[in-house]
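Residue numbers (the working numbering): 1 to 629. Virtual Cβ for every residue (Gly too), placed ideally from N, Cα, C. To start, the structure under review is shown below, and the notes come after it.
Following this line, the structure appears as structure tokens:
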């Protein structure tokens, strides 16, 4: 019996090991290792032969059965030099290849022409040169080809016509010369041949595209105003071409006159834009679109070496500003220091992009603060993955937490898919958040301050403990004089300038957060034209010995937790005393919260015996005792 059990165990372990080994695409893995070992790169990649490829290596996507590598996303990782031979060409199942925004050189890599399964190819913003291969028909499934912003020359290969599934073709900003071949591409929706040295006329097969697709060349346009009547249905990027009718001479004359007037207006606008100093060329501008469910915002940027996303060590993301431009995004919230967006990139990567406002420091000081924040590693601190600084835009990139913020969990519409937080869940939030803040206070020789602790900056990690975000921003901003808002309710009484917040101020803000967890109420509300502060209201209720009225009704329905609620209320009240020197340190707060459940229940205070011992009850405004849920 025992021998049979041992044999079964060995068999099962062997099966598991075999399945894992089979799941790792060994041949593709070796090809990638040869690629990266023979190509210099500025940014460290976690490609290690001892780790499985799928879901671990930066920028690599595997097939569903984990048998083959199907996508490589390595934009802006500092690759430079020529693509090594006999490397990428061995990836015979690769569908998506993105090597944009690097420093790759040499002629068009023949390695890539060996990959017959490609559907998407991004090589823009590199230093490739020379002509394209004459025969590109190997890519029968290609839908997107972007070779813009390189130094390719020679003629545009007529074999592109064989790429019948091509949806987007971008050859802009190269040195292509000669005439444009008559490309028969029935599925082509986007075309950009701008800024080359092309001559002759636009072939009839491409006349459906606007003149702007061919600007910056020496081309003649046979039909500059009227598209042919046999257009396929237009894409969302161009006007509809339905219901064309034959035009008479008077109508044609009207169109010509109108076109001339329009050209004059456009020229005037162009002159005004050229003279304007609103934006500098290396900046980043916002582009707003309307989506089905929310307004979408994307960020576009120049490819200047000094204006790129700065990623921190250990980050597995592989994208650049151009990827953010393409990303669909929805607003998650507008806070004290900026607006947060959920951005979904083309490879389904989801991140949070914080777009800062009112930054009052220069690039060097901003970068120094980001470096401090980016080095902080703790399970209860949301890691800063990347940042961006230019004259017009300052961005921060974080992981996306699908459960949303603590604020939405506590104050979202009840019963409307709202995450209900029982006492165990709130304890986890409290202890996790406290641990995170305590760790933050050890950074920068024990002088680091969060400066913006509030429930909208608290998230739940994979173990459902509280996790702190948005740290270290307060000292970067211009002096703030905001109107009465929820954020004001977290601010310690001594803080008149958010840039000068202290660690004791963080303790006060955390105390307000504890009160928010206990009461289920926002830190500040208005009722009947009066401003009601949560801290003052709790003081007033406790002073009247109505302690049970403080707690959230959802919590009071749970049995056997009243003593723990009272203990946590005592901790919160200790954190929000008016004198900063009398507040506990965060490491002490962590210990107190951890002891809430571990302490002997026989020694816990009861609802009847609890009293406010701070001795510093602030004045209570009229009407605060009627603070409603």
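**Prompt:** Who are the Cβ neighbours of residue 541 in its own chain at under 6 Å, not counting the five residues just before and after it?
**Reply:** 549 and 550
**Request:** Just mark residue 638 as buried or exposed, buried being the case when its beta carbon has 16 or more other beta carbons within 10 Å.
**Result:** Because residue 638 is not part of the residues shown, which for the chain are 1 to 629, the question remains open.
**Request:** At 3 residues or longer, and completely inside the stretch 139-185: list those beta strand (DSSP E) runs for me, N to C.
**Result:** Qualifying beta strand (DSSP E) stretches, in chain order: 144-146, 151-154, 168-170 and 175-179.
**Own chain residues within Cβ distance below 7 Å of residue 41, not counting five before or after** = 77, 78 and 79
**Request:** Report the rounded CA-to-CA distance for residue 146 versus residue 382, giving the unit in angstroms.
**Result:** 35 Å
**Request:** Mark residue 435 as exposed unless 16 or more other C-beta atoms lie within 10 angstroms of its C-beta, in which case mark it buried.
**Result:** buried
**Request:** Decide if the stretch 85-94 is in contact with the stretch 109-117; the criterion is three or more beta carbon pairs, one per stretch, under 8 Å apart.
**Result:** yes
**Asked** Comparing alpha-carbon positions, which option in 569, 521 and 490 lies nearest residue 508?
**Response** 490
**Item:** For residue 99, the residue or residues it bridges with in DSSP
**Value:** Bridge partners of residue 99: none, in fact.
**Prompt:** According to DSSP, is residue 300 helix, strand or coil?
**Reply:** Summary for residue 300: the model assigns pLDDT 37, below 50, so the residue's position carries little reliability; its value from the coordinates is reported in the next sentence. Three-state DSSP puts residue 300 in a strand.
**Runs of alpha helix (DSSP H) lying entirely within the stretch 536-586, each at least 4 residues, in chain order** = Counting whole runs of 4 or more residues, the stretch 536-586 contains the alpha helix (DSSP H) stretches 553-556 and 562-575.
**Asked** Does the distance from the CB of residue 398 to the CB of residue 354 come in under 9 Å?
**Response** yes
**Request:** Give, in chain order, every unbroken run of the beta strand (DSSP E) that is at least 3 residues long and sits entirely within the stretch 394-454.
**Result:** 394-399
**Message:** Would the stretch 444-456 count as touching the stretch 505-520 if we require 3 or more Cβ pairs under 8 Å?
**Reply:** yes
**Item:** DSSP bridge partner residues for residue 342 (one or two, in chain order)
**Value:** 330 and 352
**Request:** Please report how far the alpha carbon of residue 28 lies from the alpha carbon of residue 69, in whole angstroms.
**Result:** If you take the alpha carbons of residue 28 and residue 69, they lie about 7 Å apart.
**Item:** Whole-number beta carbon distance between residue 596 and residue 427, since they are thought to touch under 8 Å
**Value:** 7 Å
**Prompt:** Between which two residues does the beta strand (DSSP E) harbouring residue 527 extend?
**Reply:** 524-527
**Request:** Specify, as a first and last residue, the run of the alpha helix (DSSP H) that residue 31 falls within.
**Result:** 26-37
**Prompt:** Mind checking residue 222: buried by the 16 CB within 10 Å criterion, or exposed?
**Reply:** Low confidence applies here, because residue 222 scores a pLDDT of 49, under 50, leaving its location unreliable; read the following figure in that light. Under this definition residue 222 is an exposed residue.
**Prompt:** Between residue 572 and residue 49, what straight-line distance do the alpha-carbon atoms span, to the nearest angstrom?
**Reply:** Looking at the two C-alpha atoms, the distance is approximately 50 Å.
**Request:** Give every residue of the same chain whose Cβ lies closer than 6 Å to the Cβ of residue 358, excluding the five residues on either side of it in the sequence, and list them in chain order.
**Result:** 477 and 478
**Asked** Of the choices 168, 497, 152 and 372, whose alpha-carbon is the least far from that of residue 197?
**Response** Cα-wise, what sits closest to residue 197 is 152.
**Message:** Within 10 Å of its beta-carbon, does residue 446 have 16 or more other beta-carbons around it, so buried, or fewer, so exposed?
**Reply:** Residue 446 comes out exposed.
**Request:** Pull up the CB-CB distance for residue 188 and residue 219, whole angstroms please, since I reckon it's below 8 Å.
**Result:** Not confirmed; about 18 Å, so no contact.
**Asked** When the distance is taken between beta carbons, is residue 96 closer than 9 Å to residue 123?
**Response** One thing to note: residue 123 has its Cβ no nearer than 9 Å to the Cβ of residue 96.
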